[in-house]
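For the sequence shown, the positions run 309 to 662 when this note's numbering is used.
C-beta: ideal position from N, C-alpha, C; glycine also.
What follows is a set of notes on a single structure, which appears directly below.
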Amino acid sequence: MKTFLKTTVAAGLVASFLFSAAVAQELAPLNSDTEKDRMDWSQLEAKLGAFPKLPEGTKAGAVSKTLTNEYWRSLGEGYTKFGDKAGVPVVYQAAQSEGDQLGQLTIAEGLITQGYNVLLVSPQTDANLQPVIEQAKAAGIPVVNVNDAVIPQAEHYVGNVQRDNGVRVAKWFVENRPDGGKVAIVEGQAGVYAAVQRTDGFKATISESGKFEVVASVPGNWDRQTSYDAATNILQQHPDLIGFYANNDGMALGIVEAVKAAGLQDKVAVFGTDGISDAYTSIKAGELTGTVDSFPVLTGEVALEAALRLVAGQKLPRVVATPQALITKDNVARYQGEGVDVRAVLMEDAAAAN
């Protein structure tokens, strides 16, 4: 009976996905990194004006990958923070794990039926929440795809340039390890847009110098233990390795433990992605070399602001790009020192980049 139910649910998901794809052909598949219809987060007020008055009783629903990962808890903190400021209640729910695709779909579909005025989604994969797009559209509910996996038919996306995560780390190696050497990648979930883009950005950029060899690029599935095991195997095969790049911080921290166990912490640089608090602690302790912080709390604030501007009837570009920065021991105090206003620092970064 359990097998029958699983098969039936999976078949329903596939059928719903095919239906959604068929009826949404008018919208070009989204590539959030290269979409030209975009705006930087720092330009929201400058281009769209002060935050608008919202319809009475506006409320927002949000669904994420999982709350076992600090990144997604921090994103929810950002939703709540801006919701409190705007006087908008936010319900934030998540799947039990990063692989619970059907569970996440059920949560998202439930939010559609509960009368929320806007839905923010961070999908498990590029496909598992695709059916929600058309269901929400039929109900007149705008949907904002927030970071990580990208729904091809999403009308609005808020998040960082995923490829740039890998590019930034690769540039660090080129600048700080001028003699080159062997490096390895521990990837996130296979086929997920963010993992693919981050990995490709690192590989392409580090290969341009001609001095580095990517000797391994293996899946870690966003899991710390899996990544520890993978790194242990890689170090046994390549004891002269000079560095790792991991697609998120949880995996990077697992790699750090493997490097320490091998007694190579003074020779092997390790970088992650996301900027979770444990990554900052590890950087300050001289263990993790660095992380690409994508500032999830601020991303949550920006995403809800963009979503509520849609509710108010404003026209937004398809992509609102959020900030990121490569954090190492050399600049950690700038972004997480005592009394630091991170939003103000990132606005300075945005102004310097323009």
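Find out if the Cβ-Cβ distance for the pair residue i, residue j is shorter than 8 Å.
i    : j    : result
V451 : A457 : no
T433 : K479 : no
T581 : V600 : yes
A370 : L413 : no
A616 : V426 : Sequence check: residue 616 is Leu here, not Ala. It is a contact, given that the beta carbons lie within the stated cut-off.
P431 : I449 : no
F603 : L654 : yes
L543 : Y465 : no
G391 : A368 : yes
D472 : K519 : no
Between the options, which has its C-alpha nearest residue i's C-alpha?
i    : options                   : result
V399 : G418, G407, A446 and L410 : G418
M559 : A570, Q533 and L549       : Q533
V610 : L335, L352 and S340       : L352
A658 : W349, N453, N555 and F579 : W349
G365 : V396, S515 and A554       : V396
L561 : H546, A539 and G357       : A539
K490 : A447, N541 and P547       : P547
K344 : V628, Q401 and A661       : V628
M453 : S372, A394 and G386       : First, the amino acid is wrong: residue 453 is Asn here, not Met. Measuring from the Cα of N453, the nearest candidate turns out to be S372.
G474 : L356, A661 and Q632       : Q632
Q404 : A566, L634 and R381       : R381
V500 : N455, L612 and P360       : N455
V477 : D586, I635, A661 and A416 : I635
V567 : N556, G551 and N555       : G551
P360 : R651, E613 and E656       : E613
E483 : K389, S517 and E463       : S517
Under the three-state reduction of DSSP, which class applies to residue i: helix, strand or coil?
i    : result
Y424 : coil
G467 : strand
L618 : helix
E646 : coil
R651 : helix
F325 : Legend: pLDDT at F325 = 43, less than 50; position of this residue unreliable, value from coordinates given subsequently. In the structure shown, F325 sits in a helix (DSSP, three-state: H, G or I).
R485 : coil
D601 : strand
D582 : strand
E495 : strand
E521 : strand
P527 : strand
N473 : helix
A554 : strand
K393 : helix
K511 : helix
A332 : A caution first: A332 carries a pLDDT of 42, below 50, which makes its placement in the model unreliable, though a value can still be read off. In the structure shown, A332 sits in coil (DSSP, three-state: anything other than H, G, I, E or B).
A577 : strand
K568 : helix
V500 : coil
D341 : coil
Using DSSP's beta-bridge definition, name the partner residues of residue i.
i    : result
Q401 : V371
R346 : V627
L634 : V600
V454 : V466
V429 : V371 and N453
K490 : E521
Taking 8 Å as the CB-CB cut-off, is residue i touching chain C?
i    : result
T630 : Protein chains in the displayed structure number just one, and chain C is not present.
Handout entry: Three-pair Cβ contact test at 8 Å for the stretch 400-413 versus the stretch 586-596
Key = no
Exercise for the section: Examine the Cβ distances between the stretch 583-592 and the stretch 639-656 and report whether three or more of them are shorter than 8 Å. Expected result: yes
Practice task
Determine, using beta-carbon pairs with one atom in the stretch 488-496 and one in the stretch 517-527, whether at least three such pairs fall under 8 Å.
Solution key: Contact between the stretch 488-496 and the stretch 517-527 is present, with at least three C-beta pairs closer than 8 Å.
Handout entry: Sufficient close CB pairs (3 or more, under 8 Å) joining the stretch 499-511 to the stretch 370-384
Key = At 8 Å Cβ cutoff, the stretches do not touch.
Practice task
Indicate whether the contact test is met: 3 or more Cβ pairs, each with one atom in the stretch 561-573 and one in the stretch 468-482, closer than 8 Å.
Solution key: no
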